[in-house]
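Report on the following structure.
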Amino acid sequence: MRHLFPYINAALDEAVYYEKPEHVSFLFHGYRCFLYPNLAAAHFFESKMAAKDFIVCLIDFLNDIYNQKENIRPNYDQIKQIPIIDILKILPKTNCQKCGYLTCMAFAAAIIKGKSAADKCPSLASPINENAVYPIFDNNGNVVNSVSLRINTSKLKNRIQEQQEQILMLEASLKTNKQNEEQNDSPRKSEKNNFGLTNREIEVLKLIAEGYTNNEISGILFISPHTVKSHMINIFNKLSVNDRTQAAVLAIQNDII
Ligand code: SF4
Numbered sequence: 023m024r025h026l027f028p029y030i031n032a033a034l035d036e037a038v039y040y041e042k043p044e045h046v047s048f049l050f051h052g053y054r055c056f057l058y059p060n061l062a063a064a065h066f067f068e069s070k071m072a073a074k075d076f077i078v079c080l081i082d083f084l085n086d087i088y089n090q091k092e093n094i095r096p097n098y099d100q101i102k103q104i105p106i107i108d109i110l111k112i113l114p115k116t117n118c119q120k121c122g123y124l125t126c127m128a129f130a131a132a133i134i135k136g137k138s139a140a141d142k143c144p145s146l147a148s149p150i151n152e153n154a155v156y157p158i159f160d161n162n163g164n165v166v167n168s169v170s171l172r173i174n175t176s177k178l179k180n181r182i183q184e185q186q187e188q189i190l191m192l193e194a195s196l197k198t199n200k201q202n203e204e205q206n207d208s209p210r211k212s213e214k215n216n217f218g219l220t221n222r223e224i225e226v227l228k229l230i231a232e233g234y235t236n237n238e239i240s241g242i243l244f245i246s247p248h249t250v251k252s253h254m255i256n257i258f259n260k261l262s263v264n265d266r267t268q269a270a271v272l273a274i275q276n277d278i279i
């Protein structure tokens with residue numbers, strides 16, 4: 023299973039790939055899932071039936087990832103697990119509960135388990151720079167210390183770069199379309215080539231072109247991230263493209279969206 027970790031890390035926006043012990047953690051069908059080389063764990067299920075359904079879906083998902091390996095660019099970025107005590111050191115230890123946890127210790131444990139994020143505590147909400155150096159304030163608002171908390175910014179950077187490239191390509195495509203329309207007075211073809219896309223896939227494609235992430239699309243269309251991913255794979259196959267940008271450009275060029 024280990025060889026799938028970089029592909030899961032690339033395919034799921036919220037996946038985190040840990041260096042030691044090597045494992046990947048992600049939200050799947052609303053459950054936090056941990057995959058180790060020889061072990062899979064997830065929590066918390068309301069019933070045995072829910073757990074069984076989850077296992078079936080997870081196996082389908084892993085088979086999907088395996089079958090789509092050639093279409094996914096693996097992401098080998100790993101992060102080191104931070105000891106709970108190191109996180110506790112950078113928290114104010116006031117137990118103010120603004121993070122939603124009863125104590126700072128519980129919040130630190132939640133970060134380690136991937137159930138909460140650093141920015142949920144006001145003291146960690148504003149890293150000084152992208153290396154995630156956090157200022158520590160005293161009760162009067164004075165900065166008394168700073169601590170470097172390692173965060174995985176590569177996905178954020180990749181997404182921003184991807185969106186910038188997407189915007190540039192969309193602008194170029196729109197410009198070309200406009201020029202073509204100006205040069206050619208003939209009416210548009212009444213028949214569109216939809217490449218066999220379903221209405222749902224076209225909806226997903228529109229949201230891709232607008233720059234939404236898989237998670238955001240999942241929220242907007244009220245479908246699971248796994249379903250979004252299935253639609254994406256179908257879209258890529260039907261359009262014969264390898265990434266979101268190519269899909270969006272082709273869709274605009276062919277008047278699909
Ligand atoms: S918000 Fe920050 S200071 Fe308050 S309890 Fe949570 S971790 Fe501790």
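Numbering (the working numbering), first residue to last: 23 to 279. Using N, Cα and C, we set each Cβ at its ideal position, and we do this for glycine too.
The Cβ atoms of Ile245 and Leu229 do not sit closer than 9 angstroms to each other. Spatial neighbours of Phe67 in its own chain (CB-CB distance under 8 angstroms, excluding positions within 5 residues in sequence) are listed in chain order as Tyr53, Ala73, Phe76. For Arg54, DSSP records a beta bridge to Leu49, His65. C-alpha of Glu44 to C-alpha of Leu26: approximately 12 angstroms in a straight line.
Listed in chain order, the non-local C-beta contacts of Ile106 below 7 angstroms within the same chain comprise Ala130, Ala131, Ile134, local neighbours out to five positions each way being set aside. Ile242 carries a helical assignment under DSSP once its states are collapsed to helix, strand and coil. Judged by DSSP secondary structure, Val263 falls outside any beta strand (DSSP E); it is assigned neither H nor E.
Distance from the CA of Asp108 to the CA of Met127, rounded to the nearest whole angstrom, comes to 11 angstroms. Closest by C-alpha distance to Ala33, out of Thr267, Lys70, Gln119, Val250, is Val250.
If you draw a straight line from the Cα of Cys79 to the Cα of Ile189, it comes to about 35 angstroms. Shown here, Tyr88 sits in a helix according to DSSP, grouped into three states. Across the structure, Leu110 and Asp141 are spaced so that their CA atoms are roughly 14 angstroms apart. For Tyr98, there is no enclosing beta strand (DSSP E), as DSSP marks it with neither H nor E.
Annotation: Tyr123 is outside any alpha helix (DSSP H) and is labelled neither H nor E by DSSP. In the three-state scheme derived from DSSP, where H, G and I count as helix and E and B as strand, Tyr29 is classed as helix. Sequence-distant Cβ neighbours of Asn117 in its own chain, meaning closer than 8 angstroms and more than five residues away, are Leu124, Thr125, Cys126. By alpha-carbon distance to Phe217, the top candidate from Asn202, His51, Ala269, Gln201 is Ala269.
The ligand SF4 has a heavy atom closer than 8 angstroms to the beta-carbon of Gln119. Tyr40 has His45, Ile101 as its beta-bridge partners, per DSSP.
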